[in-house]
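Okay, structure first, notes after.
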Ligand SMILES: C[S@@+](CC[C@H](N)C(=O)[O-])C[C@H]1O[C@@H](n2cnc3c(N)ncnc32)[C@H](O)[C@@H]1O
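Numbering (my numbering), first residue to last: 36 to 293.
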């Protein structure tokens, strides 16, 4: 049985990073460097790279900017602030001013232990970042995506959930952020190269916990959805069968109809 360490809020990632012995991280979307400061200050990461275009071009970055960020010079200010905030970490931090899709070539496949995506929040941008950076993550590393909730961030939510289902990864959500909805949930998974059977077994075992997190978030008026609706349906229809058996039976039934 594969164990799944759980965290309640994004500020707990440094603890998890150390617990799993992760050493090389990447934050995509750095802005003023506040979260990079927390990650480096509270973990034993050897290196955290930060990628940010610092551009107000909404087409190039695949973003929809708040009015305050559209003002000329605003991103230059953020860039200068980030450099000042992060210079205390010396060679432990490397700031790369590029579009995420251009910076991806700076990283070798299977070279990163931790990736935190917080750049574009539109579906196309999040999909692109997930597709481009997933191969860069080692098996056993963490992929985290910030702002996975439906209000304002529905594209980010759909992209993240669809990606997790396609790659058969178990998506967790931080369910106890300090102040909802000011601090929305971060979704994350540990990259597994597991068999379909292990994936379904983990999903089956963790569903009650994931559903409890979803329901707790709802009480705080934060709406997420679990990307495993179809799997949940099968579990309910055939609780006596093993997860994979039920799935296989269902597929056979559908194929027979075609
Ligand atoms: C929400 S802020 C990041 C906040 C930071 N992660 C934190 O928690 O302190 C988003 C940042 O992503 C950057 N960004 C957005 N789209 C990008 C893209 N396609 N490539 C690179 N950076 C991008 C923006 O310039 C902005 O600074």
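Just so it is clear, CB atoms sit at the ideal spot from N, CA and C, and this is done for glycine as well.
Since the model is a prediction, treat every value here as computed from it, not as a measurement.
DSSP-derived helix/strand/coil call for residue i
i, result
"residue 98", "coil"
"residue 84", "strand"
"residue 248", "helix"
"residue 147", "strand"
"residue 225", "strand"
"residue 152", "strand"
"residue 207", "strand"
"residue 216", "coil"
"residue 113", "helix"
"residue 258", "coil"
"residue 288", "helix"
"residue 119", "helix"
"residue 50", "helix"
"residue 92", "coil"
"residue 188", "coil"
"residue 108", "coil"
Separation of residue j from residue i, as counted between CA atoms
i, j, result
"residue 145", "residue 138", "15 Å"
"residue 125", "residue 111", "21 Å"
"residue 226", "residue 142", "17 Å"
"residue 121", "residue 203", "36 Å"
"residue 84", "residue 53", "17 Å"
"residue 157", "residue 286", "33 Å"
"residue 74", "residue 116", "17 Å"
"residue 281", "residue 163", "33 Å"
"residue 221", "residue 212", "9 Å"
"residue 41", "residue 148", "17 Å"
"residue 98", "residue 155", "5 Å"
"residue 175", "residue 102", "39 Å"
"residue 91", "residue 59", "29 Å"
"residue 96", "residue 160", "8 Å"
"residue 67", "residue 48", "19 Å"
"residue 264", "residue 249", "13 Å"
"residue 109", "residue 65", "14 Å"
"residue 169", "residue 190", "18 Å"
"residue 200", "residue 136", "23 Å"
"residue 198", "residue 76", "31 Å"
"residue 4", "residue 140", "Examination of residue 4 is not possible in this model, given that the chain is present from 36 through 293 alone."
CB contact flag (residue i, residue j, <8 Å)
i, j, result
"residue 89", "residue 114", "yes"
"residue 44", "residue 195", "no"
"residue 241", "residue 272", "no"
"residue 188", "residue 219", "yes"
"residue 224", "residue 207", "yes"
"residue 57", "residue 86", "no"
"residue 193", "residue 238", "no"
"residue 94", "residue 153", "no"
"residue 134", "residue 118", "no"
"residue 150", "residue 172", "yes"
"residue 127", "residue 55", "no"
"residue 276", "residue 284", "yes"
Limits of the unbroken alpha helix (DSSP H) element including residue i
i, result
"residue 72", "69-77"
"residue 138", "135-138"
"residue 62", "From DSSP, residue 62 is part of no alpha helix (DSSP H) but of the beta strand (DSSP E) over 59-63."
"residue 45", "Note, residue 45: premise wrong, no alpha helix (DSSP H); not H, not E."
"residue 267", "264-272"
"residue 295", "Here the chain comprises residues numbered 36 to 293, so residue 295 is not present and cannot be evaluated."
Host beta strand (DSSP E) of residue i (start-end)
i, result
"residue 128", "128-131"
"residue 181", "172-181"
Counting Cβ pairs, one atom from each stretch, are 3 or more of them under 8 Å apart for the segment 242-261 and the segment 179-192?
yes
Sufficient close CB pairs (3 or more, under 8 Å) joining the segment 211-218 to the segment 226-239
Too few Cβ pairs lie closer than 8 Å, so no.
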